[in-house]
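In the working numbering, the protein residues as written are 12 to 420. Glycine included, C-beta positions come from ideal geometry on N, C-alpha and C.
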Amino acid sequence: MIKINENFLKLQDSYLFSTIAKKVAEFQENNPDKKVIKLGIGDVTRPIPKAIADAMKNAVEEMENPNEFKGYGPEQGYEFLRNKIVENDYKKRGINIEIDEVFVSDGAKCDTGNIVDLFSKDNKVAITDPVYPVYLDTNVMSGRTGEYNDQTGMYDNIVYMPCNSENNFEPELPKQRPDMIYLCLPNNPTGTVLNKNQLKKWIDYAKENRSIILFDSAYEAFITQEDIPHSIYEIEGAKEVAIEFRSFSKTAGFTGIRCAYTVVPKELKAYTEKGEEISLNKLWNRRQCTKFNGVSYITQKGAEAVYSENGQKQIKENIEYYMENARIIREGLKKAGYETFGGINAPYIWLKTPNNMKSWDFFDELLTKYNIVGTPGVGFGPNGEGYFRLTAFGSRENTIEAMKRLSKL
Ligand code: PLP
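This is the structure in structure tokens:
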């Protein structure tokens, strides 16, 4: 009899975005004259910059040419791209990362999900709450959690680290020692960040406890403040305890093109049952070579162009466009009397619902009264209850219109 991985049965169906879509469709059907503004989903809306599109077109032409055609590429990514990553994302910030520590992939979602392959089922996992759901669900699938508790909205055997206005969205160092610690900074969904001193505490904690930090910096390109680290490796000692995940998705409009990378430093070690040190870089390389066949040449040529002079200028224009939207939302909400967080170093604005309203009640009110769609905070974890996420990825016109509506009522 064929048996399934029963851990999948522990997963909670994610109704978040499907419920939102259903509610919006229903409202729109009953109110066809109303213009609904969607500030809910975390996807880019501006097209890829010309420098990137041109590089990809050239790559397609190369593929047409019998002398330049390429088949399978290296599983870890082409050297031309990995060199650009090392030079631009690390060396320019004074960080020494070697090319064989960089693994190009088709997304940070896959990498943050696949990384669990390297770790024992016995490891204890710590996640922030609210959280980007991939970290949690991939550990559920691979058997690192207990059952889901309907009462608390939490899984057994996971260390939840609440992040809310009371702790200024800085997770506390867990009292119960975790092995794998997920940190997402700048954060999705809260849009908040930690500065270097705050992050240093985590490096020290991980060292002391022989834990590992899985650091997702998919939104680093949106950082505007000086003392906010773009990479965890800006902090001394991080190479011994952290894996970093980066993505071209939000940085350069690649959500539909698919390119990202993960840095696994050679200093980074984990242990066998007997306490023998093992290089995680080697394990990840082995895992990728076995299960992954690389990102398309055309895509990697596009990613390379992100680092060209024009590429940099053009992606900056898009990021500035989104961050101006973020400013408009922050200021608009403030004027309308809301308490807001984030939106300065990230394209997400996290707001406290008025009068401690439940996140979904606020969703309904925003949709029916103001015809604006956002994301209920509770969809990202129990500590998201009473909060709500708006994104800066809308058009300027819609963003301004949404804030006008909120300020009038
Ligand atoms: N990490 C975080 C925190 C995200 O919010 C997202 C996308 O929304 C991703 C990773 C996924 O990135 P990618 O498109 O590279 O898979």
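Suppose you measure from the CA of residue i to the CA of residue j; what does that come to, to the nearest Å?
i: Q323; j: V97; result: 16 angstroms
i: E412; j: G392; result: 30 angstroms
i: L344; j: E350; result: 7 angstroms
i: P77; j: I63; result: 23 angstroms
i: K45; j: K81; result: 51 angstroms
i: Y143; j: L291; result: 24 angstroms
i: L210; j: A119; result: 21 angstroms
i: F130; j: Q39; result: 46 angstroms
i: T310; j: I268; result: 7 angstroms
i: Y230; j: G395; result: 20 angstroms
i: S258; j: D100; result: 12 angstroms
i: R407; j: M12; result: 57 angstroms
i: P276; j: G84; result: 22 angstroms
i: T410; j: L27; result: 22 angstroms
i: Y381; j: A403; result: 17 angstroms
i: D148; j: K102; result: 34 angstroms
i: C121; j: L294; result: 16 angstroms
i: A32; j: I383; result: 13 angstroms
i: Q325; j: I254; result: 29 angstroms
i: G88; j: F265; result: 16 angstroms
i: S153; j: D133; result: 11 angstroms
Only counting the same chain, and skipping five residues up and downstream in sequence, which positions put a Cβ closer than 7 angstroms to that of residue i?
i: E315; result: A66, F91, L92, K95
i: K34; result: L378
i: E183; result: M172
i: L7; result: The first residue shown for the chain is 12 and the last is 420, placing residue 7 beyond what the model contains.
i: Y146; result: T123, I138, Y193
i: P240; result: K207, L210, I246
i: R57; result: G264, N329, Y332
i: Y159; result: K21, Q23, Y166
Helix or strand or just coil, what does DSSP make of residue i?
i: K135; result: coil
i: F38; result: helix
i: L22; result: coil
i: K11; result: Residue 11 is absent from the model: the chain starts at 12 and stops at 420.
i: Y83; result: coil
i: A337; result: helix
i: E399; result: Residue 399 is actually Phe in this sequence, not Glu. Of the three classes helix, strand and coil, the one that applies to F399 here is strand, per DSSP.
i: Y166; result: strand
i: P393; result: helix
i: Y381; result: helix
i: K327; result: helix
Given residue i, which residues of its chain have a CB within under 8 angstroms of its CB, disregarding the five upstream and five downstream residues?
i: Y282; result: R221, E288, I289
i: S370; result: T364, P387, G388, V389, G390, G395, E396, G397, Y398, F399
i: N235; result: Asn is not the amino acid found at residue 235; the sequence shown has Thr there. Contacts found: M334, I355, N356.
i: C174; result: T139, D140, P141, F180, E181, P182, N198, T201, T203, N394
Over what stretch of residues does the beta strand (DSSP E) that includes residue i continue unbroken?
i: M191; result: 191-195
i: I223; result: 223-227
i: E350; result: 350-353
i: I289; result: 288-290
i: F373; result: It is not in any beta strand (DSSP E) - F373 instead sits in the alpha helix (DSSP H) that spans 370-376.
i: E46; result: Sequence check: residue 46 is Lys here, not Glu. Taken as a continuous stretch (DSSP letters only), K46 belongs to no beta strand (DSSP E), as it is neither H nor E.
i: A413; result: Taken as a continuous stretch (DSSP letters only), A413 belongs to no beta strand (DSSP E), being part of the alpha helix (DSSP H) at 407-419.
i: T235; result: No beta strand (DSSP E) holds T235; DSSP gives it neither H nor E.
i: T273; result: 271-274
State the CB to CB distance for the pair residue i and residue j, rounded to an integer number of angstroms; the pair is presumed to be in contact (CB under 8 angstroms).
i: G157; j: Y171; result: No, G157 and Y171 are not in contact; Cβ-Cβ is about 13 angstroms, not under 8 angstroms.
i: I360; j: L401; result: 5 angstroms
i: I192; j: A137; result: 5 angstroms
i: A347; j: S418; result: 5 angstroms
i: A217; j: I223; result: 7 angstroms
Determine the extent of the alpha helix (DSSP H) in which residue i is found, giving its start and end residues.
i: V145; result: 144-152
i: V317; result: 308-317
i: S260; result: 259-263
Cβ of residue i less than 9 angstroms from any chain D Cβ?
i: I339; result: In the displayed structure, chain D is absent; only one protein chain is listed.
Within the same chain, show all residues whose beta-carbon is closer than 6 angstroms to that of residue i, passing over the 5 residues directly before and after it, in chain order.
i: I243; result: F226, A249, A253, E255
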